[in-house]
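Here the sequence shown stands for residues 993 to 1573, where the numbers follow our numbering.
For glycine and all other residues, C-beta sits at the position ideal for the given N, C-alpha and C.
Every value quoted in this text rests on a predicted model; they were computed, and no experiment measured them.
Everything below concerns the one structure shown next.
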Amino acid sequence: MGRTVFVEHETDARKGGELTLGDYVAVMRRHWRGILLITTLATAMAFGWYLVQPRQYAAEASGVVITVGGDNLSLSLAGDNLAKSRAKNYKSVAESALVAERVARDLGLDRSPQDLASAVTVTVPVDTTEIRVSAKSTDPSEAQRVADAWISALSAQVSEIERSAGQTGLPPVRVVTLSRAVLPTEPVSPNIRLTLGVGVVGGLLLGFAYAMVRNHVDRRIRTAAEVERQFAVPVLGTLPVDHDFGPQAEVIGADQWGSALGEAFRELRTNLQFVDVDQPPRVILVTSAMPSEGKSAVVANLAAGMVAAGEKVVVVDCDLRRPMVDKVFDLVPGVGVTDVLSGRADIEDVRQGWAGSENLTLLGSGRIPPNPAELLGSRAMQALLRRLAEDAIVLVDAPPLLPVTDAAVLSRAVDGTLVVARAGQTTTDQLERAFGNLSRVNGRILGVVLNCVPTAGPESSAYSYYGTYGEDAPGGRTKGRRPSVKRKPSRAPRRPVDAPNAELHEPAPDSRPLAEAPYEPAYRPAAVPGHYADRQDRHAPASERLGQLADADDRLGEDGLADDLWLPAQLRDQRGRRSAG
């Protein structure tokens, strides 16, 4: 039989895998509110910075380098080789402190040459003799005057340089004004578009970093793809959130099986049929990592879906810590599994029916014992499941895996385990520990059921189908109403009595005493040294197994529970013989 086994070191390797483009998109969609908030704040901060910055105005003037005999400006602009080479050299002269001192002196400005030069930009266009000067100032008039004065000062400085070489008369090269500065009317800085663009881009980058950090820190499972990628365990069903149902587990009403939730349970039922086509599981354990993840609701509605497909199903409540099956199906409380395991009742004495279908019967938890793990791990529990699986599919509702060991112990006696995880609540660490608990006892993992998946947003699945497909809908509990359950007649009294009723001294003709049932675990794992099943005789005599049940009853009696319950005739006789001996 195929087996899905959780391997811890493979999981660690997967966690280091690279995210795909789709994963990044999903992260962005998941944290879009945080990204939007950060981007908005960054943009607001950029706009605030823009408001407090002083306005800068710019004015531009230009001059042209000409040679002697080149008074014709058109010829100069066409590009004299000497003038072009001089224009490149004079760029450094225009940026010097000598020119800045001359401008400050000519305009009477109370500014240092270095400060004035830092507000002026000099450029020489490629392959021209033009020199452009751009001056910035908070005063537009001052910017205009500085630009014009800078060209004049450059022309004077160039003339002094050329004359210092010993020439007389006009210098061979000089700078003349080409265009004068215009009074600026609009500030050139700060640039509102550039400022807001930087704020938006910076905010998006910070938001993306925030989303990635949140995604790394947030260990909650949100999508089926995350489970399959990190654990290599198939997700057999994704159940959407249905706000028509309250926090308590309940069965979908007959008129609601055409909804997305009803279709999701049908999909889960179908996927279970193909887990192992050659040997489909007959005894299925349903559990979760932590409480309040919806395992009991999954058991109830999966059973109803199987019954609708014509299957015979038995639901067994093995959650002896916090039983829920009796509340979901409105069963007679206080009788069930523990009565059978302790030998006080036969299965048929405590099995109850459901009004929705005769093909679904239920076995409640019974009285809550002081030793649930020991009872669930007993050979009697395995014999019980094997007997129930002879003519029906058995769904076992078990406690969560992490708080207690009951489910892990019970997983060795079933054909496979379904682990229910709640989207947005169950963490990868919790699911990893849950799989580890099952793996350590050699339990078979059928797959994961992801519950409460959003129907909208980045974590939503494809739940656009909301029609009825003509399939018979099982009866069941509808919103706000408890089902009118037609209980199967039970010979177990609702209240403890001092002595058993006379009609209970003999078993029913169609019942089979548990002591005579051959021991055969529903699922026998591969041989493991020290495995408890290998240390027991699978074909122990009925008297020996009956003695084991009596021992279990004695242990219950020590805790004051057996005195309040009636016992089957076989077990009372056996106890009498043991006491007499």
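Membership of S1357 in any beta strand (DSSP E) is not indicated, and neither H nor E is assigned to it by DSSP.
In the three-state DSSP reduction, R1155 falls in the helix class (H, G or I). About 5 Å separates the beta carbon of V1305 from that of M1298, a gap short enough to meet the 8 Å contact definition. Between A1127 and A1148, the CB-CB gap reaches or exceeds 8 Å. Using a C-beta cut-off of 8 Å, the stretch 1368-1378 makes no contact with the stretch 1286-1303, since fewer than three inter-stretch Cβ pairs fall below that distance.
Ranked by how close their Cα comes to the Cα of L1196, the residues G1408, L1410, G1026 have G1026 in first place. If you compare the alpha carbons of P1361, F1200, L1043 with that of R1021, the shortest gap goes to F1200. Closest option to L1354, judged by alpha-carbon separation, among A1079, V1329, P1132, A1135: V1329. Looking from the CA of P1362, the closest CA among L1377, D1398, V1386 belongs to D1398. Closest in alpha carbon position to T1169, among D1389, P1176, A1139, V1118, is A1139. Looking at the backbone, the Cα of S1054 and that of R1206 are separated by about 56 Å. Within its own chain, the residues whose Cβ lies closer than 6 Å to the Cβ of A1141, once the five positions on either side in sequence are excluded, are V1095, D1098, L1099, listed in chain order. Judged by DSSP in its simplified three-state form, Q1149 adopts helix.
Within the same chain, and ignoring the five residues on either side of V1180 in sequence, the residues whose Cβ sits closer than 8 Å to its Cβ are Q1048, Y1049, A1050, K1128. A distance below 6 Å between beta-carbons, with the five flanking residues on each side excluded, links G1191 to the following residues of its chain, in chain order: A1034, T1035, A1038. Taking 3 residues as the minimum length, the beta strand (DSSP E) runs contained wholly in the stretch 1272-1301 are 1275-1280, in order along the chain. CA-to-CA, the gap between V1327 and S1357 works out to about 7 Å. Proximity to Q1106 across L1260, A1089, T1113 peaks at A1089, based on C-alpha coordinates.
Membership of I1027 in the alpha helix (DSSP H) is indicated by the continuous run 1024-1044. Taking every protein chain shown into account, the CB of K1080 has fewer than 16 other CB atoms within 10 angstroms, so this residue is exposed. By the C-beta criterion, the stretch 1415-1423 is judged to be in contact with the stretch 1205-1222, since at least 3 inter-stretch pairs fall below 8 Å. Leaving aside the five residues that flank N1263 on each side, the residues in its chain whose CB is nearer than 6 Å to its CB run, in chain order, L1228. By the criterion of a C-beta distance shorter than 7 Å, T1230 is surrounded in its chain by A1216, A1256, L1442, V1445, S1453, once the five residues flanking it on both sides are discounted. By a beta-carbon distance limit of 8 Å, V1085 contacts L1146. Their separation comes to about 7 Å. The three-state reading of DSSP puts G1439 in strand, counting E and B together. When secondary structure is reduced to three states using DSSP, S1171 falls in the strand class. For K1304, the secondary structure class from DSSP, reduced to helix, strand or coil, is coil. In this structure the stretch 1266-1281 lies against the stretch 1375-1385, because at least three pairs of beta carbons, one per stretch, are closer than 8 Å.
Contact annotation: V1125 and V1118 have beta-carbon atoms that are not nearer than 8 Å. In this structure, DSSP gives R1021 a helical state, which the three-state scheme calls helix.
A direct Cα-to-Cα measurement between K1083 and R1155 gives close to 18 Å. Proximity of the stretch 1421-1439 to the stretch 1342-1350 falls short of the contact definition, fewer than three beta-carbon pairs being nearer than 8 Å. Taking C-beta separations shorter than 7 Å and ignoring five residues to either side along the sequence, the partners of V1320 in its chain run A1241, E1242, V1243, S1288, A1292, following chain order. Counting only runs of 4 or more residues that sit fully inside the stretch 1346-1402, the alpha helix (DSSP H) segments are 1364-1368, 1371-1380, 1398-1402, in chain order.
H1023 is classed as buried because its beta carbon has at least 16 other beta carbons within 10 Å across all chains shown. In the three-state DSSP reduction, G1055 falls in the strand class (E or B).
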